[in-house]
Amino acid sequence: MLFSFVTLFPNLIKGYFSESILKRAIEDDKISIDFYNPRDFTTDKHNRVDAPMIGGGAGMLMTVQPLFDTLDKLKVDSPEAHVIFLSPVAKTFTQNDAKRLAKKEHIVFVSGRYEGIDERVIEAHADELFSIGDYVLTGGELASMVLCDSISRNIDEVLGNSDSLSVESFENTLLEAPSFAKPKCYDGNEVVSEFLKGNHSRITDLKRGLALYKTKYFRPDLYKKGTKDEK
Ligand code: ADE
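Count along the sequence shown from 1, then add 492; that gives the number in the numbering used here.
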């Protein structure tokens, strides 16, 4: 999978791939990344990539020409590329989206800055738009990294232990049950005693019960969805 980042600030993103799982995924050729800076495509003599909003409104927008030329070049080089714009004004990204998008060959993330992106760019070039939540960030870069991370871990062999994908939160609508690691007792705090007895079917039942409690407490919306089919 190739991830291309269209951004005015590539250095904000690069560091994330210099450590840990995504660094290894690049070294093992499971994913690759590249960057396109719209500033490199501007024809403005002062290198501008922003312009005031037409019809009033505070602040500047990322303007049409540099983004059109960047995305046109990308599409010529890679006609099958799937172009995703990051925007707070979009549907929220979910685990199902991550799994679906992990099957693509090439994903392009377009990050807005300033007050956003001229709508004509979005209309002409977006295959999909995603928000990562109901709050506004200073730009789309963090959101693009969130999507890239979450898609990458659903690509074959990116995670060391693919078993961990099937039991984790959101895979079956419930949140993941609480987990414990050694030592059995830390500063007087013991792990749930049933977990120590080695009865695996009992532990599975217990974990399901704990997952239900946790989901009901933290995410009543998911709990409702997850238990609807069982009634
Ligand atoms: N850009 C600014 N805020 C954002 C958000 N919440 N999600 C995606 N992109 C954004």
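Quick reminder that beta carbons are idealized off the backbone N, C-alpha and C, glycines included.
Can you tell me where the alpha helix (DSSP H) with L593 in it begins and where it stops? Locating residue 593 in the sequence shown gives position 101, counting from the first residue. Where L593 is concerned, the enclosing alpha helix (DSSP H) stretches over Q587 to L593.
| field | Cβ neighbours of K595 in the same chain (closer than 6 Å, five flanking residues each side left out) | value | In the sequence shown, residue 595 corresponds to position 103, counting from 1. Within the same chain, K595 has no close Cβ partners at all.
Tell me the rounded alpha-carbon separation between L714 and Q587. By 1-based counting over the sequence shown, the position of residue 714 is 222. By 1-based counting over the sequence shown, the position of residue 587 is 95. C-alpha separation (whole angstroms): 13 Å.
| task | For P670, I'd like the list of residues in its chain whose CB is within less than 6 Å of its CB, leaving aside the five on either flank, ordered along the chain. | result | Within the sequence shown, the letter at position 178 stands for residue 670. Close CB contacts of P670 within its chain, under the 6 Å cut and outside five residues either way in sequence, are with L702 (chain order).
Notebook entry, point to check: Say the cut is 7 Å; is the CB of I614 nearer than that to a heavy atom of ligand 1?
Noted result: Against the sequence shown, residue 614 aligns to sequence position 122. At a threshold of 7 Å, I614 does not count as near ligand 1, since its beta carbon sits no closer than that to any of the ligand's heavy atoms.
### Message
On a Cα-Cα basis, can you pick out the residue from L639, V659 and L629 that is closest to E620?
### Response
Walking along the sequence shown from the start, residue 620 turns up at place 128. Across the set L639, V659 and L629, the C-alpha of L639 shows the shortest separation from the C-alpha of E620.
Check your understanding: Considering only the beta carbon of each residue, do S642 and H598 sit closer than 8 Å?
Key -> Position 150 of the sequence shown holds residue 642. Position 106 of the sequence shown holds residue 598. No.
* Quick one: is E649 buried, meaning 16 or more other Cβ sit within 10 Å of its Cβ, or exposed? -> Residue 649 sits at position 157 when you count from the first residue of the sequence shown. It is exposed - the Cβ of E649 has fewer than 16 other Cβ atoms within 10 Å.
V613, DSSP secondary structure in three states: Start at 1 with the first residue of the sequence shown, and residue 613 comes out as number 121. Correct three-state label for V613: helix.
D626 to Y606 span [Cα, whole Å] = One-based indexing of the sequence shown puts residue 626 at position 134. One-based indexing of the sequence shown puts residue 606 at position 114. Roughly 18 Å between the two C-alpha positions.
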